[in-house]
Amino acid sequence: MLGYILLGVLGALVLCLLAALIRTLLIPKKKTNFHLSDDNERIDVYAEKLSEMVKAETISSRNDPTIEKFRDFHKLMEKLFPKVFNACEKVDIDGNLLLKWKGRSSKDPILLMSHMDVVEANGEWKYHPFSGAIAEGKVWGRGSADTKCSLMAFFQAAEELITEGYIPACDVYLASSCTEEIGGTGAPKLANWLKERGVKLFMLCDEGGSIIQKPVGGVPGHFAAVGIFEKGYGDVKFIARSKGGHASTPGKNTPIPRLAKFVAAVEKKSPFRREFSPAVNEMFARIAPYSESFGLKLVMGNLWLFRPLLKKVMPMISAQAAAMLQTTIAFTMQSGSQGYNVLPQEASVCANMRFIPHQGTDESLEIITKLAEKYGLETEVIYRGYPSASLDLDGEAFAIVQNTINKVFPGVGVLPYVVTGGTDARFYGEVCDSCVRFSPVNFGPEQMAGMHGINENIEAGCLPIAVDYYKEIVKVQAER
């Protein structure tokens, strides 16, 4: 009897593998095709404008609440895009900028947004971080990629359309907060302004995804990674207490060893469950045809069979992709005694957490709290934020973005993507059901490394394409 069962299981396994092989052989081979613009006249104009924007030191800091530098940036924007400011109603909320470009209808307006603030620029740079240098076919400086390039692009798109006498089908809002990099109150204030006036947006376009290269090892080419939701955000402190004492007679289970054991346990095996969301399933299904590796195509094209395997090996393939499957925790700060020979009465480690929807913020915090208790630790939640709602992959907004990408970036694959970082879009949930997180610019390895690092830059040749993208996003609203 047992033999028949084993033969049946083996036969089923063989049939599954055979079906997977046939499906894989039937997956069409695809290659992406991406080119920077060669319109030198437009490249020069746009690069100069972005350069001027980068020269403005719009650093946001919790220790510097002054907003005059951001209002000076408004004046610069008005100088660079005079027709936009002449045609639009301007709202300034504590340095956060919102413009309303009135359309033929006030129904189902759209919002284009990108933050104006930047992080500090330390270290040795190839070009001064606020020089706005135009060299080597790139615009260099803090904020060039994150995210003044997008800000320039949609303001320039509006400037050109207004110059042509174009009137949008719906109201178009242009927004730029000055507190995104510090998780401040700028975006919530702008969102609340819209809410108080009963504005319900059809769609919102913010940062979060971009044109990327090699999304997974073994898959070459350029892809438009469109962020459809972002994980929740949390800051947590784990505290170990004791009576303290002299280091010459330490005893056992003092605060720092307990914290160390806890950290080691979490690092060795994550307590959070990995799951494939519909977005991740769709992402891998779309990647499969571009894979040069038959084995990778076999796995990604047949998640119905290989999903359990992929859950286990994903961290070895890509840390970024693995973060899309589960809640993550990263230990970032620690404190203890102030003396080499003094046992601390209290020691702590702090961690940043990013919460995945299938376990959620509260469940994830409960899991990590219970684990900490096993090591005699207290858990203090400094901040808890929740995952955003997901953009509907079958909805009209995603279809518009996908069709626009196909038109403006022909030959580039479109991938739904889980945003593992944070954006201003998360604050607009009450006024928008369709938040799209995608910047239409090329982020290669060099650009990825430069964001929040040294030598931040953006390729000047991608700027005309970004402007065209935003123009198309505005124009296509007339077809709804």
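Quick note on the working numbering: the sequence shown kicks off at 53 and runs consecutively.
Here a beta-carbon is modelled for each residue, glycine too, at the ideal position from N, C-alpha and C.
Owing to the predicted nature of the structure, the values given are computational and were not obtained by experimental measurement.
Self-check item: Cutoff 6 Å; reference A374; Cβ partners in own chain excluding five residues on either side
Solution: M366 and P367
Practice problem: Please classify I434: is it buried, with 16 or more other beta-carbons within 10 angstroms of its beta-carbon, or exposed? | Solution: exposed
Quiz item: So, are the CB atoms of E511 and G189 less than 8 Å apart?
Solution: In terms of Cβ geometry, E511 and G189 form a close pair [threshold 8 Å].
Quiz item: Roughly how many whole angstroms lie between the Cα atoms of G21 and K527?
Solution: The structure shown does not extend to residue 21, since the chain spans only 53 to 532, so no value can be given for it.
Quiz item: Terminal residues of the continuous beta strand (DSSP E) containing A239?
Solution: It is not in any beta strand (DSSP E) - A239 instead sits in the alpha helix (DSSP H) that spans G238 to E248.
Quiz item: Taking one C-beta from the stretch 137-151 and one from the stretch 455-462 each time, how about it: are there three or more such pairs within less than 8 Å?
Solution: With the cut-off at 8 Å, the stretch 137-151 and the stretch 455-462 do not touch.
Quiz prompt | Segments of 3+ residues assigned as beta strand (DSSP E) that fall wholly inside the stretch 132-219 | solution = 141-145, 148-153, 157-165 and 190-192
Exercise. Could you check how far apart the C-beta atoms of G465 and F275 are, in whole angstroms? I think they sit under 8 Å.
Key: 4 Å
Quiz item: Are the Cβ atoms of Q529 and P220 separated by less than 8 Å?
Solution: yes
Quiz prompt | Counterpart residues of T380 in DSSP-defined beta bridges | solution = R406
Quiz prompt | 8 Å Cβ cutoff met for Q544 and T472 | solution = The shown model of the chain, from 53 to 532, leaves out residue 544, and the question about it has no answer.
Practice problem: Determine, using beta-carbon pairs with one atom in the stretch 200-214 and one in the stretch 159-174, whether at least three such pairs fall under 8 Å. | Solution: With the cut-off at 8 Å, the stretch 200-214 and the stretch 159-174 touch.
Exercise. Measure the beta-carbon distance from I13 to S103 and round it to whole angstroms, keeping in mind my assumption that it falls under 8 Å.
Key: Missing from the structure shown is residue 13; the chain here goes from 53 to 532 and no further.
Practice problem: Give the DSSP bridge partners of M385, in chain order. | Solution: C402
Self-check item: the ligand HEM heavy atom lying under 7 Å from the CB of D446
Solution: Questions concerning the ligand HEM fall outside what the structure shown contains, since it holds no ligand whatsoever.
Quiz item: Smallest Cα separation from C257: which of Y480, E425 and F86?
Solution: Y480
Quiz item: When the Cβ atoms of the stretch 292-299 are set against those of the stretch 339-358, are three or more pairs found closer than 8 Å?
Solution: Contact fails: fewer than three Cβ-Cβ distances are below 8 Å.
Quiz item: For the stretch 455-524, which segments carrying the alpha helix (DSSP H) assignment without a break, of at least 4 residues, lie completely within its bounds, in sequence order?
Solution: 497-502, all fully within the stretch 455-524.
Quiz item: Once you ignore the five residues that flank Y98 on each side, which residues in its own chain have a CB closer than 6 Å to its CB?
Solution: L515
Quiz prompt | I381 vs A399 beta-carbon contact at 8 Å | solution = no
Practice problem: Sort G505, V488, M129 and I525 by Cα distance to G175 and report the nearest one. | Solution: Looking from the CA of G175, the closest CA among G505, V488, M129 and I525 belongs to G505.
Quiz prompt | Per-residue DSSP class, three states only, for R326 | solution = Here R326 sits in coil by DSSP.
Quiz item: When we look at the beta-carbon of D260 and count the other beta-carbons within 10 Å, is it buried (16 or more) or exposed?
Solution: Residue identity check: residue 260 is Gly in the sequence provided, not Asp. Using a 10 angstroms sphere on the CB of G260, the tally of other CB atoms reaches 16 or more, which defines it as buried.
Quiz item: Does the count of Cβ pairs from the stretch 385-398 and the stretch 261-270 closer than 8 Å reach three?
Solution: no
Exercise. Check whether the Cβ atoms of P181 and A173 sit closer than 8 Å, and answer yes or no.
Key: yes
Quiz item: Cα-Cα, which of I291, E248 and L357 is closest to G428?
Solution: I291
Quiz item: Roughly how many angstroms separate the alpha carbons of A441 and V394, rounded to a whole number?
Solution: 48 Å
Quiz item: Which word fits L70, buried or exposed, when buried means at least 16 other C-beta atoms lie within 10 angstroms of its C-beta?
Solution: exposed
Practice problem: Determine the DSSP secondary structure at G286, reduced to helix, strand or coil. | Solution: G286 falls in the strand class under three-state DSSP.
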